[in-house]
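See below for the structure under consideration.
Protein chains: 2
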Amino acid sequence: MTMSNTGGRRKPPTIHDVAREAGVSRGTVSRVLNGGHYVSPSAAEAVNAAIRRTGYVVNRHARSLITGRSDSVGFLLTEPQERFFEDPNFNVLLRGCTQALAAHDIPLLLMIAGTQAERRRIVRYITAGHVDGVLLVSSHSGDPVAEELRAAGVPLVACGKPIGLGSKVSYVAADDRDGARDLVRHLLGLGRRRVGVVTGPLDTPGGVERLAGYKEVLAEAGLGIDERLIVSGDYSRASGEAGAERLLAGAPDMDAVFVASDLMAQGVLAALHRAGRRVPQDVAVGGFDDSQAAVAASPGLTTIRQPWDRISSEMVRVLLAQVGGEDPATVILPTELVKRESA
Amino acid sequence: MTMSNTGGRRKPPTIHDVAREAGVSRGTVSRVLNGGHYVSPSAAEAVNAAIRRTGYVVNRHARSLITGRSDSVGFLLTEPQERFFEDPNFNVLLRGCTQALAAHDIPLLLMIAGTQAERRRIVRYITAGHVDGVLLVSSHSGDPVAEELRAAGVPLVACGKPIGLGSKVSYVAADDRDGARDLVRHLLGLGRRRVGVVTGPLDTPGGVERLAGYKEVLAEAGLGIDERLIVSGDYSRASGEAGAERLLAGAPDMDAVFVASDLMAQGVLAALHRAGRRVPQDVAVGGFDDSQAAVAASPGLTTIRQPWDRISSEMVRVLLAQVGGEDPATVILPTELVKRESA
DNA sequence: TTCTCTACTGTGAACGCTCACAGAGCAGCG
DNA sequence: CGCTGCTCTGTGAGCGTTCACAGTAGAGAA
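Structure representation (structure tokens):
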């Protein structure tokens, strides 16, 4: 073993060493490395053997210097950090994206924009070309970061439909409206007639669409819309708790509630419990996401599953396609009703 | 504005352009960029003005190619993904590390090693020199990844003391034993005498140390160790729930319990509630971490705060020092008792 | 045979930066 | 006055790769 690496780091082999070892030229090694077209089988074999023998790994900096690509992508989170700390959905998404990118040998750079200064720094970093594209997680509308990146021509894929951005930005989302319809229909199917809703923030597509689904189903069932049965939250647990209290105050006869996120639903369960309402006997509760929060809740939360694994892999697919020169695209994925004890 | 960037991406200015614009040589621009030593004030000013005018940003690939550094670090998670999805501590740590690194303009590459294949891929990636160092989160002992990286001479800082690795590896940890002592003393101070414990995994330093602290305080209070009051979990919520059930079965007279993580404590609260025990009246409960889980629990969880912000900033500090050639170091940070309703 | 076409290979020139070196200018000192 | 030492500046080389180009060899067609 000539490459024994005990302790200090020594100079790694270059493409030149491999070429010499294989008895070919740099060009041939490079061709083998990049797809192997126009290389004779014997040369390819010799090169691959030399690579194994020397332990050669391509120097990405040298490659990037000439190709202009960085072969890395950014994962940009512009949510307030409290949400990131609280909501396990981010972790699932993050895991899914690293995994999908790993299949292409592309590292994920994590960028969290909390303060205004951080936003500026990150935008500068990205527009400088240090990443090939960006996976964006930022539900609120009018996010200046997204607009700046789009304007700078940086390939971009959002998680969830960005409100207020031109149609030229790619996004991948679950079918929020359809999911909400499924859940509310389920509640009505249980015989409930006074169904409340705790929406997400109404400047997010998730907030708007899930509320729309709720209203559609009530209408199709011939039930009117009672404004006292509608309150909105911000996806946080605490806002769910507060929302449930307002609902109970305004509509004490509520017998079911659709909550636009599992985390808020946890808060709703806590508030109902404190108010002495039994779940599901007195009030049936349905959530949205099917996150860890849904399993951890007691009773287990009936909810709408968002297909996070597919969302993340589609985000990566669409982003890489765009980096490769294809046009922006949007993907809507189906949801699924998951029944547990709460409804 | 010569650099208007409407739509497509154009060729960014190089150090050469800046030099020409400022009327100096490449070397001078480079010196300004790297600390500004041996540069006259007038030249520095001219260069900075030229940088602003051209919108120049250094090409990191070109720099890395020659310096041999990548100016990036990896954040490596070798926990099972379920823990990553469930435990908000990871998010806090991740946020803290990105933030601390951002101050040095160093991006964080997120690496999650779930499967064996992923581990191999990631180790190859790291040992190839694609990152300057690694922030390691992996509590279990005998982690082969850590050992491989250490052997390859990659700068490494672990979060929590790695068991079974030579003393040559840096780590940053909270004072687990002391924290456990504080909490158990608090429980005894409330007059409780039958104090149970749900430990962390006993192949992790956190698991071992927190249990040791528990035993120390019982001994100093003249209370014997009752094995029926000791069960161990794996930091997951579910294991807390199971642990509490075993405790109740083995020691029905238990009047307090120290749980080695907040997440497990949530499970303990659920189990106690199901068993009809009131918290804190019948059983006082104390956790460890002071994570979101502690606040979200009902009743609010009395717990030991781990100083995550300092842990992450120290990890980054120690890692960068090591990248700069300094020797490995270990840092132990003090914890703090946070009182809430559960005890 | 000769010419064309294809498959394959090697070579020089970048990519944008840092580093080492040499040299200029100037001050202080013997 | 010359020497030393300091601050400051420009220049050439080279980091490890890809890319464009030129060139060779062999197969098949004219």
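So the protein sequences, as listed, match chains A and B.
To get this note's numbering, take the position in the first sequence, counting from 1, and add 1.
To get this note's numbering, take the position in the second sequence, counting from 1, and add 1.
We put the CB at the ideal spot given by N, CA and C, even for glycine.
If the five residues before and after proline 335 of chain B are omitted, its C-beta is found closer than 6 Å to the C-beta atoms of Asp176, all from its own chain and listed in chain order.
The beta carbon of arginine 229 of chain A lies closer than 7 Å to those of Gly251, Ala252 in the same chain, with the five residues before and after it left out. In its chain, beyond the 5 residues on either side, Val199, Ser240, Gly241, Gly244, Met265 have a beta carbon closer than 6 Å to the beta carbon of glycine 234 of chain B. For the 8 Å CB-CB criterion, leucine 34 of chain A and valine 74 of chain A do not form a contact. In the DSSP assignment, no residue is bridged to alanine 114 of chain B. Interface annotation for the stretch 78 to 91 of chain B against chain A: Gln82, Phe85, Phe86, Glu87, Pro89, Phe91, criterion Cβ-Cβ distance under 8 Å. Straight across, the Cα-Cα distance linking asparagine 92 of chain B with methionine 316 of chain B is about 15 Å.
Valine 324 of chain B is positioned such that its CB atom lies closer than 8 Å to that of glycine 134 of chain B.
For glutamate 337 of chain B, the enclosing beta strand (DSSP E) begins and ends at 337 to 339. The C-beta of serine 65 of chain A comes closer than 8 Å to at least one C-beta of chain B.
Listed in chain order, the non-local C-beta contacts of leucine 111 of chain B below 6 Å within the same chain comprise Phe76, local neighbours out to five positions each way being set aside.
Boundaries of the alpha helix (DSSP H) harbouring arginine 211 of chain A: 206 to 221, taken from the DSSP string. Ranked by Cα distance from arginine 247 of chain A, the first of A:Leu224, A:Ala272, A:Val59 is A:Ala272. When C-beta distances to chain B are compared with 9 Å, every residue of the stretch 21 to 41 of chain A stays at or above that value. With contacts defined as CB atoms closer than 8 Å, aspartate 254 of chain A and phenylalanine 289 of chain A fail to qualify as a contacting pair. Classified as exposed, alanine 104 of chain B has fewer than 16 neighbouring CB atoms from the shown chains inside 10 Å of its CB.
Burial is judged here by how many other beta carbons sit within 10 angstroms of a residue's own beta carbon; serine 41 of chain A has fewer than 16 and is exposed. Your pair valine 155 of chain B and isoleucine 127 of chain B checks out as a contact, with CB atoms roughly 6 Å apart and the cut at 8 Å. Excluding residues up to 5 positions away in sequence, Lys169, Val170, Ser171, Gln323 lie with their Cβ nearer than 7 Å to the Cβ of proline 329 of chain B in the same chain. Of A:Ala20, A:His62, A:Val59, A:Ser71, the smallest CA-CA separation from glutamate 46 of chain A is found for A:Ala20.
Between alanine 101 of chain B and serine 314 of chain B a beta carbon distance of about 4 Å is seen, short of the 8 Å cut, so the two are scored as contacting. Per DSSP, the beta bridge partners of arginine 306 of chain A are A:Asp290, A:Glu337. Bounds of the beta strand (DSSP E) holding glycine 197 of chain A are 196 to 200. The beta strand (DSSP E) runs of length 3 or more contained entirely in the stretch 49 to 91 of chain B are, from start to end of the chain, 74 to 78.
Taking CB atoms only, alanine 129 of chain A has a neighbour in chain B less than 8 Å away. For glycine 208 of chain A against glycine 201 of chain A, the beta-carbon gap comes to about 3 Å, under 8 Å, which counts as contact. Taking every protein chain shown into account, the CB of arginine 53 of chain B has fewer than 16 other CB atoms within 10 angstroms, so this residue is exposed. Sequence-ordered contacts of the stretch 311 to 324 of chain B with chain A are nonexistent [C-beta pairs closer than 9 Å].
By the CB criterion at 8 Å, leucine 188 of chain A and alanine 257 of chain A fall inside the cutoff. In the structure shown, the three-state DSSP call for serine 43 of chain A is helix. Put simply, the backbone Cα of arginine 186 of chain A is about 8 Å away from that of leucine 219 of chain A. Around the beta-carbon of lysine 162 of chain A, 16 or more other beta-carbon atoms lie within 10 Å, marking it buried. Counting every other CB atom within 10 Å of its CB across the protein chains shown gives arginine 27 of chain B a total below 16, marking it as exposed. Under the Cβ distance rule, serine 343 of chain B does not count among the residues neighbouring chain A, no pair being separated by less than 8 Å. Those residues of the stretch 112 to 128 of chain B placed with their C-beta closer than 9 Å to a C-beta in chain A are Met112, Ile113, Gly115, Glu119, Arg122, Ile123, Arg125, Tyr126, Thr128, ordered along the chain.
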